[in-house]
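Novice: Quick one: the structure is below, and I'll ask about it shortly.
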Amino acid sequence: MDLLQTIGGYLFTDIRMAAPVLLAGLGLLLMNWSGLLNIGAEGIMLIAALSAVAGSHYFGSVWLGLLLAMLAGAIFGLLFAVLTVTLRANQTVVGAALNILGLSLSTTLNRVLFGIETTVTKVDAFKVLEIPLLSKIPVIGRAFFAQMPIVYIAFLLVPVIHYFLFKTKPGLNLRSVGENPRVADTLGINVYRTQYLATIVGSTIVAAGGAFLSTGLLDFFAEDMVAGRGYIALAAVIFGKYKPAGIMVAAMIFMAGNVVSNVLQVAGIGIPYTFLTMIPYILTIIALTIFASRAVAPASLGKPYKRG
Amino acid sequence: MGVILEMENICKQFPGVLANDCICFSVKEGEVHALLGENGAGKSTLMNILCGLYKPTSGEIRLEGETVRFNSARDAMERGIGMVHQHFMLIPTMTVTENCLIGDKEGSSIKLDRKEAGRRLKELAERYGMEIDPDAIVGTLSVGEMQRVEIIKALFRGAKILILDEPTAVLTPQEARALFKMIRALTDNQFTVIFISHKLDEVKEISDRVTVLRLGTVVGTYDIDQCSVEELARLMVGRDIHFDAVTRQQPVGDTLLEVNNLSLHREKSNEGKLLEDLTFEVHKGEILGIAGVDGNGQAELVECLTGIRSASSGEALYQGKDLLKLSTRDIMSNDVSHIPQDRQKTGLVMPMTLVENFALQDYYKKDFGKGALMNWIGVEERSAKLIQDFSVKTPSPYELAQNLSGGNQQKVVVAREISRQPKLLIAMHPTRGLDVGAVEYIHNQLIDQRDKGVGIVLVSTEMEEIMRLSDRIIVLYEGRAMGCVRPSETTVEEMGLMMGGRTLDDIRKGSIKETSVEEKMM
Ligand SMILES: Nc1ncnc2c1ncn2[C@@H]1O[C@H](COP(=O)(O)OP(=O)(O)OP(=O)(O)O)[C@@H](O)[C@H]1O
Ligand SMILES: [Mg+2]
Numbered sequence: 542m543d544l545l546q547t548i549g550g551y552l553f554t555d556i557r558m559a560a561p562v563l564l565a566g567l568g569l570l571l572m573n574w575s576g577l578l579n580i581g582a583e584g585i586m587l588i589a590a591l592s593a594v595a596g597s598h599y600f601g602s603v604w605l606g607l608l609l610a611m612l613a614g615a616i617f618g619l620l621f622a623v624l625t626v627t628l629r630a631n632q633t634v635v636g637a638a639l640n641i642l643g644l645s646l647s648t649t650l651n652r653v654l655f656g657i658e659t660t661v662t663k664v665d666a667f668k669v670l671e672i673p674l675l676s677k678i679p680v681i682g683r684a685f686f687a688q689m690p691i692v693y694i695a696f697l698l699v700p701v702i703h704y705f706l707f708k709t710k711p712g713l714n715l716r717s718v719g720e721n722p723r724v725a726d727t728l729g730i731n732v733y734r735t736q737y738l739a740t741i742v743g744s745t746i747v748a749a750g751g752a753f754l755s756t757g758l759l760d761f762f763a764e765d766m767v768a769g770r771g772y773i774a775l776a777a778v779i780f781g782k783y784k785p786a787g788i789m790v791a792a793m794i795f796m797a798g799n800v801v802s803n804v805l806q807v808a809g810i811g812i813p814y815t816f817l818t819m820i821p822y823i824l825t826i827i828a829l830t831i832f833a834s835r836a837v838a839p840a841s842l843g844k845p846y847k848r849g
Numbered sequence: 421m422g423v424i425l426e427m428e429n430i431c432k433q434f435p436g437v438l439a440n441d442c443i444c445f446s447v448k449e450g451e452v453h454a455l456l457g458e459n460g461a462g463k464s465t466l467m468n469i470l471c472g473l474y475k476p477t478s479g480e481i482r483l484e485g486e487t488v489r490f491n492s493a494r495d496a497m498e499r500g501i502g503m504v505h506q507h508f509m510l511i512p513t514m515t516v517t518e519n520c521l522i523g524d525k526e527g528s529s530i531k532l533d534r535k536e537a538g539r540r541l542k543e544l545a546e547r548y549g550m551e552i553d554p555d556a557i558v559g560t561l562s563v564g565e566m567q568r569v570e571i572i573k574a575l576f577r578g579a580k581i582l583i584l585d586e587p588t589a590v591l592t593p594q595e596a597r598a599l600f601k602m603i604r605a606l607t608d609n610q611f612t613v614i615f616i617s618h619k620l621d622e623v624k625e626i627s628d629r630v631t632v633l634r635l636g637t638v639v640g641t642y643d644i645d646q647c648s649v650e651e652l653a654r655l656m657v658g659r660d661i662h663f664d665a666v667t668r669q670q671p672v673g674d675t676l677l678e679v680n681n682l683s684l685h686r687e688k689s690n691e692g693k694l695l696e697d698l699t700f701e702v703h704k705g706e707i708l709g710i711a712g713v714d715g716n717g718q719a720e721l722v723e724c725l726t727g728i729r730s731a732s733s734g735e736a737l738y739q740g741k742d743l744l745k746l747s748t749r750d751i752m753s754n755d756v757s758h759i760p761q762d763r764q765k766t767g768l769v770m771p772m773t774l775v776e777n778f779a780l781q782d783y784y785k786k787d788f789g790k791g792a793l794m795n796w797i798g799v800e801e802r803s804a805k806l807i808q809d810f811s812v813k814t815p816s817p818y819e820l821a822q823n824l825s826g827g828n829q830q831k832v833v834v835a836r837e838i839s840r841q842p843k844l845l846i847a848m849h850p851t852r853g854l855d856v857g858a859v860e861y862i863h864n865q866l867i868d869q870r871d872k873g874v875g876i877v878l879v880s881t882e883m884e885e886i887m888r889l890s891d892r893i894i895v896l897y898e899g900r901a902m903g904c905v906r907p908s909e910t911t912v913e914e915m916g917l918m919m920g921g922r923t924l925d926d927i928r929k930g931s932i933k934e935t936s937v938e939e940k941m942m
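Dropping the structure here:
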């Protein structure tokens, strides 16, 4: 019984840790299907993490913090769209710029707002929302039904986005833009508007992932706290073959590495702590090298489109 | 038949090119109206304006007497104008139904009803005598089927005026005939068809009236009954076109390429072979024609010979080397040139300039620069000369390949490959999409090369082209050679039978009574 308990505990942590990566991956997915390759998730998540803390601190509500974070994400998305869609700048370069901007802006604003102190400013964070009865199921009950609201939202978004992409007309239109914007254009789809919408909505979802880091997993902001999760989300999209369910599985697998590293740290088996924290990243690299070549990306991913 | 559509004084200015210069054009309801003109005359541009993809610089479009303005393809579609583009506008990873539903406005605006749409597609297809599987993935279809999907897609979206931009360029004669049947069925049902083609006898056969464009202006509109094919050619090019019988001065030379038992298996070996035991020779100064219905192994054969695909067994000896064991670069640097079948996918890099495209094959050679540095001035001079020699219509050598008309893109590929002064030239559909003047020019170039002692492998589905140019012809059927004949010693009927899968020996034994080619091919 004890072993089962422990496994349930691991599952609980894994799901919780996977949620932000999942959110970021789903947001990126929407952008990818519109043909835009945005590597700036890391930056968006950082600025969102700070915005969430600031919002929670000043408005006294974690939900308003989330809203502010999503707003910040939307602005970053808008910036990305203006530069890459309207001005047709190189998407990778702009994405990299977003990462740098997100890092420096969040660091600076953090110092301006909360000062350079050794004690962090703690804020109101998300609380666990237990689903009555279901959370009492042995072993898996707590893992699945005693999580924070954003975790539920993240996992509910998986079927929702799947349905949107593959079962609705706007979803089909979005995918056609990513596959071949010229074809979409000949069929009367406003390619630029679709790309703008996808980027802005996608970025707000990525931002929700960032907000969860600082007001869900923790209750304060730390500089560079995203720690590569934005890049792991990029990998999760590829590993997940550009499908929501695939991204979910990828996020869980990558973050299971995180759980393993935590367990090993606690067990104290003598491997230096710094090596252990590398596990999720190494897992990501291995998974990518094995599976990346088999992924089917939207055919026009990363190519700017110019109307005739 | 009333006038349904008028385009008045349409001008379209591209940077450096006046593609349409005050064009007036009117179409009657229920007719097939052909649009003729040289490569780059402005046909596709005019049709892109009509279907809402381009905005005219000036001019006016009237539909049933009412002035209309199209801001997007959707606007045009809502007024019943649908276009099947010169280069297919389909997404290969999606199904037929999905391709038809992109941007669809009918019914629920959220839910994607694949079943209902599939049913409607099937119904439409049946009504006009087409066969279609709504759930097939488009990428797995043959070219003829994709064409059908394009037409169905236009009808599905409520097109009453259907524009077909060079629909037959990639079709086999049988598929073309099926298409004509379809067009007839449509015009019988009050649809109007605008038809672009460079094949004059097709135009003669299918259309009611024809408008001829030259250099962006209208030469005139004529009833088809009043024009012969020769007259159409003269109107189009502005001079007489002669396809004289090909003569040869010197006999063929030594063996240049010797292919022995070339085979290519499918990925799953139990599904039969793509190429089976091909054995043939190409001599210096000889054109070997490879005939056959498209998709019977021609593309695979060329890919094997050019190192793009590795053959399962056999050898192809050329200058003491086995081409099947060499990389593409090695093959090409041994004086082999290759005109690939698809100019947009494998012939050119579309977003690059012509100068860059001309340098693609040989950029690493001495003539093109020193060490790692390119000699761009030299390359530009070269490009300018090729552009002139092959009369490629472009505002400058620095135009992007994607901005050229389809036929002019083809000329760029042919010019690049011939200018490399190859010893062996592998040419696949070298004149696909070219106007009669350009076809004449390319044919003369091929004959020139042959007279210089170049060995040429000419893959073509155009019976006339093959019969006219080749010294010997091999007919492929399902990856096997049905026989090897000289054009002077065979008939179109015999060729047709071989293309339908009968071996030459079989036919010549005369065991079978005469069947007409057409029946056999259907
Ligand atoms: N998007 C574009 N940008 C710049 N120039 C263009 C563009 N599209 C076409 N052109 C130019 O306009 C002219 C007319 O091109 P168009 O494609 O209409 O010719 P076409 O009659 O269809 O020829 P073809 O038979 O070879 O297809 C050409 O000289 C071409 O280079
Ligand atoms: Mg054209």
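Line by line, the protein sequences give chains A and B. Position in the first sequence counted from 1, then plus 541, gives you our numbering. Position in the second sequence counted from 1, then plus 420, gives you our numbering. The beta-carbon is built from N, C-alpha and C at its ideal position, and this holds for glycine as well. Please read all numbers here as calculations on a predicted model, not as lab measurements.
Kindly say whether B:Lys-831, judged by its beta-carbon, lies nearer than 8 Å to any beta-carbon of chain A.
Specialist: By this cut-off, B:Lys-831 is not an interface position.
Novice: Which residue from B:Gly-798, B:Tyr-783, B:Val-504, B:Leu-845 puts its Cα closest to that of B:Ala-792?
Specialist: The shortest C-alpha separation from B:Ala-792 is found at B:Tyr-783.
Novice: What residue from B:Ser-803, B:Tyr-897, B:Thr-911, B:Val-912 has the CA that sits closest to B:Thr-923's CA?
Specialist: For B:Thr-923, the nearest C-alpha among the options comes from B:Tyr-897.
Novice: Check distances from the C-beta atoms of the segment 727-750 of chain A to those of chain B and list, in chain order, the residues that come in under 8 Å.
Specialist: Answer in chain order: Thr-727, Leu-728, Gly-729, Ile-730, Asn-731.
Novice: Compare the beta carbon distance of A:Asn-651 and A:Leu-607 with 8 Å and say whether it is the shorter of the two.
Specialist: No, they are not a contact pair.
Novice: Roughly how many angstroms separate the alpha carbons of B:Phe-788 and B:Trp-796, rounded to a whole number?
Specialist: The alpha-carbon atoms of B:Phe-788 and B:Trp-796 are separated by roughly 8 Å.
Novice: Cβ of A:Glu-720 less than 8 Å from any chain B Cβ?
Specialist: Yes - at least one Cβ of chain B is within 8 Å of the one on A:Glu-720.
Novice: Is there contact between the segment 740-748 of chain A and the segment 570-580 of chain A, where contact requires at least three CB pairs shorter than 8 Å?
Specialist: Taking 8 Å as the limit for Cβ pairs, the verdict is that the segment 570-580 of chain A does touch the segment 740-748 of chain A.
Novice: Could you check whether the Cβ of B:Glu-518 sits closer than 8 Å to any Cβ belonging to chain A?
Specialist: Chain A, which has a Cβ nearer than 8 Å to the Cβ of B:Glu-518, makes this yes.
Novice: Beta carbon of B:Gln-829, beta carbon of B:Ala-821: below 8 Å?
Specialist: Yes. Within cutoff.
Novice: Measuring only from the beta carbon, is B:Phe-810 closer than 7 Å to any heavy atom that is part of ligand 1?
Specialist: It does not: the Cβ of B:Phe-810 is nowhere closer than 7 Å to a heavy atom of ligand 1.
Novice: Using the Cβ count rule (16 or more neighbours within 10 Å means buried), how would you classify A:Thr-660?
Specialist: Classification of A:Thr-660: exposed, given that the 10 Å Cβ count is below 16.
Novice: For B:Arg-802, is the classification buried or exposed, using 16 other Cβ atoms within 10 angstroms of its Cβ as the cut-off for buried?
Specialist: B:Arg-802 is buried by the Cβ-count criterion.
Novice: At 8 Å on the CB atoms, spell out the chain B contacts of A:Thr-709, in chain order.
Specialist: The answer, in chain order, is Ile-530, Lys-531, Leu-532.
Novice: Using the Cα positions of A:Leu-697 and A:Phe-685, report the straight-line distance between them to the nearest angstrom.
Specialist: Going from the Cα of A:Leu-697 to the Cα of A:Phe-685 covers about 12 Å.
Novice: So, is the C-beta of A:Arg-770 closer than 8 Å to a C-beta in chain B?
Specialist: Not closer than 8 Å to any Cβ of chain B, the Cβ of A:Arg-770 fails to qualify, so no.
Novice: For A:Ser-717, would you say it is in contact with chain B, using Cβ-to-Cβ distances shorter than 8 Å as the test?
Specialist: Chain B, which has a Cβ nearer than 8 Å to the Cβ of A:Ser-717, makes this yes.
Novice: Going by alpha carbons, who is nearest to B:His-618 out of B:Arg-686, B:Ile-867, B:Leu-470, B:Lys-463?
Specialist: The candidate whose alpha carbon is nearest that of B:His-618 is B:Lys-463.
Novice: Whole angstroms are fine: how far does the CA of A:Ala-768 sit from the CA of A:Leu-754?
Specialist: One C-alpha to the other measures close to 10 Å.
Novice: Is there at least one Cβ from chain A nearer than 8 Å to B:Met-509's Cβ?
Specialist: Closer than 8 Å: yes.
Novice: Quick check: does the Cβ of B:Pro-771 come within less than 7 Å of any heavy atom belonging to ligand 1?
Specialist: No.
Novice: Which of the three DSSP states is assigned to B:Ile-862 in this structure?
Specialist: It is helical.
Novice: If you measure from the CB of B:Gln-506, is any heavy atom of ligand 2 nearer than 7 Å?
Specialist: True, at least one ligand heavy atom lies under 7 Å from that Cβ.
Novice: Closer than 8 Å, CB to CB, is B:Ser-492 near chain E or not?
Specialist: Structure shown: chain E not included; protein chains present are A and B.
Novice: Within 8 Å, do at least three Cβ pairs link the segment 619-630 of chain B to the segment 447-459 of chain B?
Specialist: Cβ pair count under 8 Å is three or more, so yes.
Novice: Of the residues B:Leu-633, B:His-703, B:Gly-422, B:Gln-433, which one's Cα is nearest the Cα of B:Phe-611?
Specialist: Checked all of B:Leu-633, B:His-703, B:Gly-422, B:Gln-433; the closest Cα to B:Phe-611 is B:Gly-422.
Novice: Can you confirm whether the segment 872-883 of chain B touches the segment 838-853 of chain B when touching is taken to mean that 3 or more C-beta pairs between the two stretches lie within less than 8 Å?
Specialist: They touch, by the three-pair rule.
Novice: Hey, could you find the ends of the beta strand (DSSP E) B:Val-447 is sitting in?
Specialist: Note, B:Val-447: beta strand (DSSP E), 437-448.
Novice: State the DSSP-derived secondary structure class of A:Asn-651, mapped to helix, strand or coil.
Specialist: Three-state result, A:Asn-651: helix.
Novice: Can you tell me where the beta strand (DSSP E) with B:Val-672 in it begins and where it stops?
Specialist: Premise fails: B:Val-672 is in no beta strand (DSSP E) and is neither H nor E.
Novice: Measuring only the C-alpha atoms, how far is A:Ile-587 from A:Gly-568?
Specialist: As written in the sequence, residue 587 of chain A is Leu, which differs from the Ile given in the question. Rounded to whole angstroms, A:Leu-587 to A:Gly-568 spans 15 Å at the Cα level.
Novice: Suppose the cutoff is 8 Å on Cβ atoms and the five residues either side in sequence are ignored; what does the same chain contact list for B:Leu-682 look like?
Specialist: Counting only Cβ-Cβ distances below 8 Å, and skipping sequence neighbours, we find Leu-695, Asp-697, Leu-698, Thr-699, Leu-721, Cys-724, Ala-731, Ser-733, Gly-734, Glu-735, Ala-736, Leu-744.
Novice: So with Cβ pairs under 8 Å, would you call A:Asn-714 a contact of chain B?
Specialist: Answer yes: the Cβ-Cβ gap between A:Asn-714 and chain B drops below 8 Å somewhere.
Novice: Quick one: complete beta strand (DSSP E) runs, 3+ long, within the segment 465-547 of chain B?
Specialist: Runs found: 478-483, 486-488, 501-504.
Novice: Can you tell which of A:Gly-798, A:Gly-550, A:Pro-813 has the C-alpha that lies nearest to the C-alpha of A:Ile-826?
Specialist: It is A:Gly-798.
Novice: If I measure Cβ to Cβ from A:Phe-762 and keep anything under 7 Å in the same chain, skipping five residues before and after, which residues do I get?
Specialist: Ala-590, Leu-591, Val-594, Asn-651, Ser-755, listed in sequence order.
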